[in-house]
Every structure is written in structure tokens, then in C-alpha cells.
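J.: The structure's right below; bear with me while I get my questions together.
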Amino acid sequence: MSEFNPNEAFSIHAYDPAWPGVFEHEAAAVRAALGADLVEIEHIGSTSVPGLAAKPIIDLLAAVESFAPLEVYAARLARIGYQHQPHVNDDERLFFWKGTPRSYHLHLVEYATWEYQRHLLFRDYLRAHPAVAAQYEALKRDLAQRYKHDRLAYTDSKATFINAVIDRAVAEIRAPGALPQSRCR
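Letter by letter, the sequence shown follows residues 9 to 193 of this note's numbering.
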């Protein structure tokens, strides 16, 4: 197995309309690997936003009801080529990757947690607000130039923008009249 390289070179590519199909194909493999433990799987990240340029890495958000021991997921996902990469948020999100160069990132979370919801809020806000998606693309292109061989700095430098978008999405949901009354309980 290859080793995780946090400084693997990367570049931003124009949106590829094949990305949703690539997600669906990989999601089927992840569904089979995780079996009944899987509650839901979603396409997240920039490749999930039509028209948005991105690193050509498909991000999958796989939700389980509650975490089993890491070894259970590591063994099941290894059968389809995924490797676990430990990180500081392993209590909230287990991160797996696949491919050389990396072509898939799998974020395993517990269903309906904030870690689960924040990814969907960001994705859905960018899908609904093309001008904000364009701002995000410009930021990513700038950061990719600056941090071509430093993925951690690239990712960290996007955090302020991402958190601001999530805050906007939450504020819109909480605004009076934002949700049908039947959903506000």
C-alpha cells in the first residue's frame, strides 16, 4: 500500500460533468463494503457542485448510526482500496483515502451530527448560490498557486471562507419563513 503524502502535488481542474457518475460508481462499492451499517452516502466537496472547478478527487460522506471500532471500517474499506489516515478529529470523522494519486476521500461520520450536517450545508449553499461558488473557486485557485506542495496550508487557508458560508447557510435556515411550518418543530 502506498503512504499518505500530505504534500502530494495537486492542481485545480475545470468542472467535469462525469464527476457525479464517478461518485455513484464509487458510492456503490462503499455501500457494499459497509453493508447494513451505512445509513446514507452523499457526494460532497467541490466535485459535487455543478460548474465548480476542483481537485479531481471525489469526496464521499458516509454516515453510520454510531461508530463501531475503527478496525471494523478499516478492514471492510481496505477490501476496496481505502486506507485510514489518522487525524485530530477521529472522534467525529474517520478519514479514508484511495488512489495514487489520490482520487477518493471518504469521510465516515455519525448520522445527523454537526460533522455530518456541516458538509451538506456547505455543499447545498454553494449549489444554491453560484456567485458564492465562484468566489470559492477564485479562492481555491489562488491558494492552489500559493500552496501547490502544501495541502495542509491549502486546506487550512480555506477554513475561514468555508465556516463563513456554513454560518450563512445556518442563518438562512433559521430566518423566519425559511422553512415550511410543517418542518419547524
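C-beta atoms are modelled at their ideal positions from N, C-alpha and C, and glycine is treated no differently.
Please read these numbers as outputs of a predicted model, since none were measured by experiment.
1. Hey, could you find the ends of the beta strand (DSSP E) Leu116 is sitting in?
2. Could you say which of His21, Glu32, Ile181 and Gln91 lies nearest to Asp132 if we only look at CA atoms?
3. Are the Cβ atoms of Gln125 and Phe12 separated by less than 8 angstroms?
4. By alpha-carbon positions, which one of His113, Glu48, Glu118 and Asp24 ends up nearest to Pro77?
5. Specify, as a first and last residue, the run of the alpha helix (DSSP H) that Glu79 falls within.
6. Just checking my contact of Arg159 with Glu16 at CB under 8 angstroms: how many whole Å lie between their CB atoms?
7. Within its chain, find whatever has a CB closer than 6 angstroms to the CB of Gln189; leave out the 5 residues flanking it on each side and keep chain order.
8. With contact counted as at least three CB pairs below 8 angstroms, one residue from each stretch, are the segment 56 to 65 and the segment 35 to 42 in contact?
9. So, with DSSP's three-state summary, where would you put Lys63?
10. Beta strand (DSSP E) containing Glu48: first to last residue?
11. Using CA atoms only, rank isn't needed, just tell me which of Tyr81, Lys148 and Glu73 is closest to Gly53.
12. Can you give the Cα-Cα distance for Ile49 and Ala71, rounded to whole angstroms?
13. Which residues does DSSP list as the beta-bridge partners of Phe103?
14. With burial defined as no fewer than 16 other Cβ atoms inside 10 Å of the residue's Cβ, what is the status of Val173: buried or exposed?
15. In the DSSP output, which residue or residues are listed as bridge partners for Leu69?
16. Name the one or two DSSP bridge partners that His21 has.
T.: Concretely, from the data shown:
1. Tyr112 to Glu118
2. Ile181
3. no
4. Glu118
5. Leu78 to Ala86
6. 7 angstroms
7. Low local confidence applies: a pLDDT of 45 at Gln189 is under 50, so the model's placement there is unreliable, with the coordinate-based value given in what follows. Same-chain partners within the cutoff: there are none.
8. no
9. coil
10. Leu46 to Ile52
11. Lys148
12. 6 angstroms
13. His115
14. buried
15. Glu50 and His115
16. Ala62
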